Every structure is written in C-alpha cells, then in structure tokens.
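Visitor: Shown below is the structure under consideration.
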Amino acid sequence: METSFSSHPWLLIFITLSTVHAQLPGSWELLVSNAGVASMHTAVTRFNTVVLLDRTNIGPSRKMLPKGHCRYDRHDDVLKKDCYAHSVVFDLQTNEIRPLMILTDTWCSSGQFLSDGTLLQTGGDLDGFKKIRKFEPCEPDRFCDWVELKDVELINGRWYATNQILPDGTVIIVGGRGTNTVEYYPPRKTQNGAVELKFLAEVEDNQMDNLYPYVHLLPNSHLFIFANNKAVMYDHEDNKVIHEYPELSGGPRNYPSAGSSVMLALDGDFKTAAIVICGGAEYGAFIERSTDTPAHGSCGRIIATDQNPVWEMEDMPFGRVMGDMVMLPTGDVLIINGAQSGTQGFEMGSNPCLNPVLYRPDQPIGLRFMTLNPGTVPRMYHSTANLLPDGRVLLAGSNPHYLYNFAAEFPTELRLEAFSPEYLSLDRANIRPIIEGIPETVRYGEAFDVFVTVPLPVVGVVEVNFGNAPFATHSFSQGQRLVKLTVTPSVPVDGRYRIKCTAPPNGAVAPPGYYMAFAVNQGVPSVARWVHLVP
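The sequence shown runs -22 to -1, 1 to 513 under mature numbering (1 follows the signal peptide of the UniProt record, and there is no 0).
See below:
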C-alpha cells in the first residue's frame, strides 16, 4: 500500500529530519512498549518510581487490575463493571509496570507532592469533581496504592485546576473550569470557604483560555499567576492581588490554547525570579475546531520580581502548542512534545513537533534556542514529560481521542520513552560526577558537605542543584522548581572531592519536601540523590 505524504505530511517532515538527525544533539530510547495506560498525568517519586495516571471513564485500558478488584462506574459509557487499571506505577530500575486502583474520575485533575513525599491529587470530572486523593509512594517491592479521602473534600469542585506547594508545606489549588476561586489543603481554619480570584474571571474569553493557570511560587513568597495573556502577583497569606503585570503579546497561552511555562533556576541571593512562557494556539482555533491553524512560536520572558517588569520577546525554531517545558539539572530548559498546528482538545492538533528544543537562558537573546535530535513518536494532546533522577527525560502518554484509539493517524500512545540530553553523551562520561556522600536530610540554611568522584580532574566549580518532582499534566509541570545552592570550590580529600554547600534559606526559595540533588560538573549532571529539605 502506498503512503500518501499529502494525507500524512508529518511523515515527510520526519523523513527529511531523519537524514540529518545524527548531527543534532540528544538521543532517544524506548523503555516500555506497553505501559497499559496512556498517561495524562505523570509524577516521579523519591523511590525512583513513576506514577502514571489517566482518567477512569475511558473504557478498557491495556492493563488489568488484580483479580477481584473491579470497580463499578455508572459514568463509563463503555464499561459499567471496570476491571481495568487507569493508573500504574513504573519502576525505573526494572521497567516493570504495576497496576494501581483509582476509584473516581481524574480527568483533567491537578496534583502536587506534599512535604512528606505523599502525592496529593485533586479534582477531576463527574464523581471526581470534589475528590481529594493521596498516593503515599513506597519501595518498588512493597505495595502502595491510591487512597481517596473520606473526611475532607474540595470546597469547590475543580476541573482543569493548578496546584502549588507553599512555603509552609500547605498547597494552594487555583482555578478550574467555571471555578474562579482558590482554596487550600489542608483547609485553612481561619478561612470559611474558597476565596474568589476575580482575575481568573476577568481573563476568561469565549473559548475559556484561563484553565490550568501557570502558577509559580516566587522567592518573595508571593505567587505569579498567569492565565490567557495576563498575569498577577498574588499574596496567598492575605488572599489579594498586589501587582498586575503587562499583557503578554502573541495570543492566549493557557488551556485550550496552551503553550508551556517555567520559572528559571533560582540562584545567587535568591531574590530574582524569571518566568518564561513559550508557544500556544492561535485564538479561535479551538472554537473553529481548526486542526491546521499554525501554532505560535513566540516566547515571553519576564523578571517577575522586578519593580517595573517588562516582557522580553523571542521566537522558538518551531511554532508549538501542547509542548512541555522541563527544567534540566543544569538550569537549561528542554521544550518537547506537542504539535505545530491546531489546539488542545480531542482530535484538534496536527503536524507533530518531533524536534525537542533546548532553551539556554544564560545565552544572549537570539542564541538561546538549540534544535535537538527528533523523535519518531508523536506526543500530542494528553502527553507528559518529566525529569528523571539520572538526568534523562521521560516521555509518556498522548491520547487525542475520547476513548483509546489505536487505528487513528495519531493513535493512543502506550509507549514510554526516554530522551537523553547531550550532557549524557559518551564523550562527556569522563567528566560526569558521581555523588559518593550527601546527607539524607538538610534544614534551611544548614551548611553541609557533598562528596563526589569524577574520572578526570575537576576544573572549575562543581554545582549542587536541587530539583523537585513536579506533577506534569496538560503541558505544565505544576510546582516545578530548580534551586542552585551556594557552594565553595571543590577540594580533593582522600580520592574524592568535597563541596561545601549551604541549603536554601527558606520555604519561599524551596518549599519543604524531597528534592533530587544533582552535582553538575562542566554542564554534566550526576545521577541525583534524593534529599529531604525540612524546616
């Protein structure tokens, strides 16, 4: 049977790119050919396992629950008695998949790790609208599963909301479809009900564009909240907007027109925070269900902590909607997944963007983007990207269909892949550090030592950077953060190098919880060790 490039134009793009892929940095590997579920939400745990989570009322997945663990779902049009898993845990060491049991619908829900390493998961659709769930991770050879809380629920039902851990370890839950409020977990005793956030209603347009708002905790303890094309600084202690930022040009940036966003690495005196927002769909593409409207390629960067901040604009090599921005251990940002045309929504994207792009924030404007080696698997609507402790990036999901569909042009995707940035190439192995010693727990402002070994002699300063594990969904990693610690130059001691470090000063710079601690030598990160940061 002949292949028609006119009906599958992305195939022609891939064939063209594949002729030069060997010249581009980065490499790909298939980890698992069938994860059982198409992951809509993904999170990496401190036990080096990964929680993959889909929605429940989607019919049969490709992973069965253990015998006798079926659930009954009156909202599922296909299965009323559902014996299939819609969440699994993936062991990074063995590549094994274990089914988990989720009871209520997690479609387009939100999440965040608590300070004790428990994954908090909130909201969804239908019977999950007001639900609060927890997953307390465990060693891969132990049993742990989802628990739905019975003694507390969300004040407002939330669908397409965003979670962010705060300096005191509590979590703020922001927005949702038709829900222009914020609330907290645990619920604040001094507060009766959810708090109205008029900003979310003000930026809503006739195709919404205010869902899954981008929320970043600034080092001044306030929140940067971005929705559609506008942003505010929000005081979560007094529940009020204290600053309005200039409008970002280039059209809407949030669901259903989402690009992606990151806060760049915090370092130095930890008083400055820069936010970057890239890509998005053309306004109207969602209403018109246009699959071929080109996506935006512009990025805005703003110093959110400045007195009079302005957006600095630049362009990516590709237009991209539904992309993911992943903070790498070096402070660079990987932009990956998504489409070059269309919008978010079922079967509303086309022309997959197979090339990742590296954003190098320390380079001058015009030189910050580097095009990387393309993949072969389209990762469209409902796909995720997460940094792993070994420095690779895990790619999961992509299901642009209401149910699982393996016969479509862009089928439901069950494969798990890993992308290795150029810093993991073999020619850099001799400068890759190995962490030989680091405390399991550190307190704010504490001085501590990290011991590393490196095959070649160390030249320059070895960084020690703390990266947390965010909750990735719908092109935004909720709570994502990288903090570069204050360090002194390494000193040789008994065949190792000792690096004197100072822990982050407070919870506004780094909220309490578990962090991947990376030693970075000449731009090459070690395998991370998990460190518990506590008050």
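The beta-carbon is built from N, C-alpha and C at its ideal position, and this holds for glycine as well.
Quick caveat, the model's predicted, so the values are computed rather than measured.
(1) Buried or exposed for Leu345, going by 16 or more other Cβ atoms inside 10 Å?
(2) With DSSP as the reference, label Phe449 as helix, strand or coil.
(3) Taking contact to mean at least 3 C-beta pairs separated by less than 8 Å, is the stretch 365 to 383 in contact with the stretch 398 to 410?
(4) Which residue comes first and which comes last in the beta strand (DSSP E) that contains Lys478?
(5) Would you call the CB atoms of Pro330 and Ile314 closer than 8 Å?
(6) Quick one, which of Leu392, Gly135, His274 and Val311 has its alpha-carbon nearest Ser65's?
(7) Can you give the beta carbon distance from Arg476 to Phe426, rounded, assuming they're within the 8 Å contact cut?
(8) CB-CB under 6 Å to Pro356, same chain, minus the five flanking residues each way: which ones, in chain order?
(9) Among the candidates Lys176, Ala481 and Ala495, whose CA atom is the shortest distance from the CA of Pro413?
(10) Taking only the alpha-carbon atoms, compute the straight-line gap between Pro467 and Ala179 and give it to the nearest angstrom.
(11) Out of Gly154, Asn408, Glu215 and Val469, point me to the one whose CA is closest to Ser504's CA.
(12) Candidates Asp187, Tyr261 and Ser87: which alpha carbon is nearest Asp105's?
(13) Could you tell me how far apart the beta carbons of Gly229 and Glu260 are, in whole angstroms, since I believe they sit closer than 8 Å?
(14) Here's a check: name, in chain order, each residue in its chain whose Cβ is nearer than 7 Å to the Cβ of Thr148, leaving out the five neighbours to either side.
(15) Just mark Gln285 as buried or exposed, buried being the case when its beta carbon has 16 or more other beta carbons within 10 Å.
(16) On the criterion of 16 or more Cβ atoms from any shown chain inside 10 Å, does Tyr380 qualify as buried, or is it exposed?
(17) Per DSSP, what kind of secondary structure is Glu117 in: helix, strand or coil?
(18) What residue does the beta strand (DSSP E) around Lys58 start on, and which one ends it?
(19) Any beta carbon from chain C within less than 8 Å of Arg507's own beta carbon?
(20) Quick check on Asp405: does DSSP put it in helix, strand or coil?
(21) How far does the alpha helix (DSSP H) with Phe177 in it reach, from first residue to last?
(22) Using DSSP bridges, identify the partner residues of Pro378.
(23) Please name the residue in Pro77, Trp85 and Leu350 whose C-alpha comes closest to that of Leu332.
(24) Using the rule of at least 16 other Cβ atoms within 10 Å of the residue's Cβ for burial, across every protein chain shown, is His452 buried or exposed?
(25) Using CA atoms only, rank isn't needed, just tell me which of Arg279, Asp302 and Asn206 is closest to Ser238.
(26) What does the Cβ neighbour count give for Thr354, buried or exposed, with the cut at 16 atoms within 10 Å?
(27) Taking only the alpha-carbon atoms, compute the straight-line gap between Val10 and Met348 and give it to the nearest angstrom.
(28) When DSSP builds the beta bridges, which residues end up paired with Thr140?
(29) From which residue to which residue does the alpha helix (DSSP H) around Ala263 run?
(30) Alpha carbon to alpha carbon, how far is His221 from Asp55? Give it in angstroms, no decimals.
(31) Under a three-way DSSP split, which group does Asp105 fall into?
(32) According to DSSP, which residues form a beta bridge with Asp427?
(33) Can you have a look at Leu434 and say buried or exposed, based on whether 16 or more other CB atoms are within 10 angstroms of its CB?
(34) Sorted by chain position, which residues of the same chain lie with C-beta nearer than 6 Å to Pro417's C-beta, five sequence neighbours on each side aside?
(35) Could you have a look at Glu325 and say whether DSSP puts it in helix, strand or coil?
(36) Pull up the CB-CB distance for Val304 and Ser455, whole angstroms please, since I reckon it's below 8 Å.
Guide: With the structure as the only source:
(1) Around the CB of Leu345, fewer than 16 other CB atoms lie within 10 Å, so the residue is classed as exposed.
(2) Correct three-state label for Phe449: strand.
(3) Taking a cut-off of 8 Å on C-beta distances, the stretch 365 to 383 touches the stretch 398 to 410, as three or more cross pairs fall below it.
(4) Bounds of the beta strand (DSSP E) holding Lys478 are Arg474 to Thr480.
(5) Ile314 sits away from Pro330, with the two beta carbons spaced by 8 Å or more.
(6) Nearest C-alpha to Ser65: Leu392.
(7) Between Phe426 and Arg476 the Cβ distance is about 11 Å, and since that is not below 8 Å, they are no contact.
(8) The residues are Pro330 and Phe388.
(9) The displayed chain sequence assigns Ile, not Pro, to residue 413. Taking only the C-alpha atoms, the option nearest Ile413 is Ala495.
(10) About 50 Å.
(11) The closest CA to that of Ser504, considering only Gly154, Asn408, Glu215 and Val469, is found on Asn408.
(12) With distances taken between CA atoms, Asp105 lies nearest to Ser87 out of Asp187, Tyr261 and Ser87.
(13) A Cβ-Cβ distance of about 6 Å is found for the pair Gly229 and Glu260, placing them in contact under the 8 Å criterion.
(14) Answer for Thr148: Tyr162, Tyr163 and Pro164, listed in chain order.
(15) Gln285 is exposed by the Cβ-count criterion.
(16) Flag for Tyr380 reads exposed.
(17) Reduced to three states, the DSSP call for Glu117 is coil.
(18) Per DSSP, Lys58 belongs to no beta strand (DSSP E) and is neither H nor E.
(19) The structure shown has no chain C; it contains just one protein chain.
(20) Here Asp405 sits in helix by DSSP.
(21) Taken as a continuous stretch (DSSP letters only), the alpha helix (DSSP H) holding Phe177 covers Lys176 to Val181.
(22) Paired residue(s): none; Pro378 is not in a bridge.
(23) Out of Pro77, Trp85 and Leu350, Leu350 has the C-alpha closest to the C-alpha of Leu332.
(24) With at least 16 other beta carbons inside 10 angstroms of its own, His452 counts as buried.
(25) For the residues Arg279, Asp302 and Asn206, the minimum Cα distance to Ser238 belongs to Asp302.
(26) Exposed, since its Cβ has fewer than 16 Cβ neighbours within 10 Å.
(27) For Val10 and Met348, the distance between alpha carbons rounds to 28 Å.
(28) The partner list for Thr140 (beta bridge, DSSP) reads Val152.
(29) DSSP places Ala263 in the uninterrupted alpha helix (DSSP H) bounded by Ala263 to Glu266.
(30) Taking the straight line from one Cα to the other gives about 46 Å.
(31) Residue state for Asp105 is assigned as helix, using DSSP reduced to three classes.
(32) For Asp427, which the question treats as bridged, DSSP gives the partners Lys478.
(33) Classification of Leu434: exposed, given that the 10 Å Cβ count is below 16.
(34) The beta carbon of Pro417 sits closer than 6 Å to those of Phe426, all from its chain and outside the five residues before and after it, given in chain order.
(35) Looking at Glu325 - three-state DSSP - the assignment turns out to be coil, as it is neither helix nor strand.
(36) Yes, they are in contact, since the Cβ atoms of Val304 and Ser455 sit about 7 Å apart, within 8 Å.
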